[in-house]
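The opening residue of the sequence shown carries number 755 in our numbering; numbering runs sequentially from there.
Beta carbons are placed, not taken as given, at the ideal position from N, Cα and C, and that holds for glycine.
Working notes for the structure below.
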Amino acid sequence: MSWLLALPFLIPIFTALATFPARARPRLCGVLSIFGCTLLLVVTIAILVLVESNGTHAAQMGDWAAPFGITLVADRLSAVMLLISGIVGLCVAIFALSDIGKYRVKLGFHSFFQLLLAGVCGSFITGDIFNLYVWFEVMLIASFALLVLGGDRIQLDGGIKYVALNLVSTLLMLTSIGMIYGLTGTLNMAQLHISLAAVDNPAAVSTLAVLFICAFGIKAAIFPLFFWLPASYHAPPVAVTAVFAGLLTKVGVYALIRTFTLIFPNDLGFTHSILLGTALLTMLTGVLGAAAHYEFRKILAFHIISQIGFLVLGLALNSPLALAGAVFYMVHNIVAKTNLFLISGTAQRLTGSFELSEIGGIYRASPLLSTFFFIAAFSLAGFPPLSGFWAKLLLLKASLDQAAYWVVVVALVTGVLTLFSMSKIWAEAFLKAHPKDYCKCLGDIPRYERYQRLLPVALLALITLLLGLVPGPFIDYSLAAAGELLEPAGYLGAVLGLQTQ
């Protein structure tokens, strides 16, 4: 079954190759992109079923025995991240049909979008830290191309800030990889778990851990390394920002979780104190930035930062319940955040602006779109019984179990300010009348465009509702994923015990 683990990145690569020569025909290009995303979703479902049925599954490319060859690994965490990437990819590909103009399609939007998905999926499935770096670079190149595609001045400005800080992350990551190879002689993550524990140089190991926190922290946009995100995420078309918001920073968080549960599991006091302080500052600075802004996308961009803090908090607490909360929160946040950006694009289509002072009347123009926004926004704020409530409840319970009462206070304050920001958007954009009486009725938009915009939004809203109303199965799944992270014997056995395919 080794071919199955390779398909999550091979399908987007081949789709990118298929869409590039077809870019002069936007409709065909869009259909090919949707077809590729549909295949990707089917494959990720198959991988999830495989992992749930048989446990962690590994494959050695080219029949090179671990730890010498390229290893692909799927456990519960990577499987669910692949699945949610497939869902987000399909939803954004459908939305892009109406959001991305012919000019950007001809410049290669769909090809770069598929390469971005390949980088994301490759990062989730790799079992080798150097190949993780390779997939990060694929994501960086594709995301930079998507960010500046079209050449608008605001895009170029945001793109320069984006790529400059991410190149720093690249240098830090390469330095860390070189150092860890020098200490252990391997780059296979499972072998690193064993080899790094045998290194009798605590100072070098701690230095490595801090370097990895900085490298992945820039990708994840944690405090104080997040400034590139609000400076760039409002620049490209909404379809681009939505996939960035849903997936890019989460790959950084995934890398942190994988690194500090598998590679550095024994240096808990030092590294996790850093992660805990960083998590709380990330939560607060992000939500304060959101509270201070009055532009739809900038509010949502700062909330990306704030929500990353909750994810890092789960890793910092490092208990089964806390890591389960991080897994649940990551899936919930990817769905809700992607949806909110898609909704912001439709809101701009109806009202003509992203500035809250210049828009309004959306509830009257489209009660259905308003309902979808309410579900996603108040789930993000942790309103019961939506998915965000259960995710935050797991993290708060884990904090109380460790008597970290001040962590609970910061989390609750962040939740209140998140509710304030979402209520601000609800009141200004949806409830109040448009100041220029400009707001279109959704029925005034062509039927095909309505379907392209509302179908992915409805699907994501439905997932949010299901996670909230029927949380039990996914909480159980998240607890099982956390157990695998804290007790990686199954991961080690699948990788190091697999010699041939």
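query, result
"State the start and end residues of the unbroken beta strand (DSSP E) segment that holds His811.", "811-814"
"Put Val1224 into one of helix, strand or coil per three-state DSSP.", "coil"
"So the candidates are Leu1042, Phe867, Phe981; which of them puts its Cα closest to the Cα of Tyr916?", "Phe981"
"How far does the alpha helix (DSSP H) with Val953 in it extend, from its first residue to its last?", "Segment: none, Val953 is in no alpha helix (DSSP H) and carries neither H nor E."
"Three or more C-beta pairs closer than 8 Å, one from the region 1192-1207 and one from the region 843-851: is that the case here?", "yes"
"For Cys1195, count the other beta carbons within 10 Å of its own beta carbon; 16 or more makes it buried, fewer makes it exposed. Which is it?", "exposed"
"Out of Asn920, Thr1032, Met943, which one is the CA nearest neighbour of Phe878?", "Met943"
"Which residues in the same chain as Asp882 place their Cβ atom closer than 7 Å to its Cβ, once the five residues preceding and following it in sequence are excluded?", "Ile824, Thr825, Leu941, Asn942, Met943"
"Are Ile1011 and Leu1233 close, meaning C-beta to C-beta below 8 Å?", "no"
"Pull up the distance between the alpha-carbon of His988 and that of Leu919, whole angstroms please.", "17 Å"
"Taking the DSSP output, what are the residues bridged to Asn942?", "Asp882"
"Work out the CA separation of Met815 and Val1286 for me, nearest whole Å.", "The requested residue 1286 is not part of the displayed model; the chain covers only 755 to 1255."
"What residues match up with Ala975 in a beta bridge as DSSP calls it?", "The partner list for Ala975 (beta bridge, DSSP) is empty, contrary to what the question assumes."
"Ala1236 to Leu1067, Cα distance in whole Å?", "14 Å"
"Identify every run of the beta strand (DSSP E) within the region 780-861, keeping only runs that are complete inside it and at least 3 residues long; order them along the chain.", "811-814, 825-828"
"What is the DSSP secondary structure of Cys1182, counted as helix, strand or coil?", "In the sequence under discussion, the amino acid at residue 1182 is Glu, which differs from the Cys named in the question. Here Glu1182 sits in helix by DSSP."
"Is the region 767-786 close to the region 850-870, with three or more CB pairs under 8 Å?", "yes"
"If you drop the 5 nearest sequence neighbours on each side, which residues of the same chain put their C-beta closer than 8 Å to that of Val1162?", "Leu1150, Ser1153, Leu1154"
"Which class does Glu1112 belong to by DSSP, given the choice of helix, strand or coil?", "helix"
"Kindly list the residues whose CB is nearer than 6 Å to the CB of Gly1222, restricted to its own chain and excluding five residues on each side of it in sequence; keep chain order.", "Pro1139, Leu1140, Ser1141"
"To the nearest angstrom, how far is the alpha carbon of Tyr1202 from that of Trp1180?", "27 Å"
"Are the CB atoms of Ser839 and Leu870 within a distance shorter than 8 Å?", "no"
"Tell me whether Gly939 is buried or exposed, calling it buried when 16 or more other Cβ atoms sit within 10 Å of its Cβ.", "exposed"
"List the DSSP bridge partners of Glu1049.", "Glu1109"
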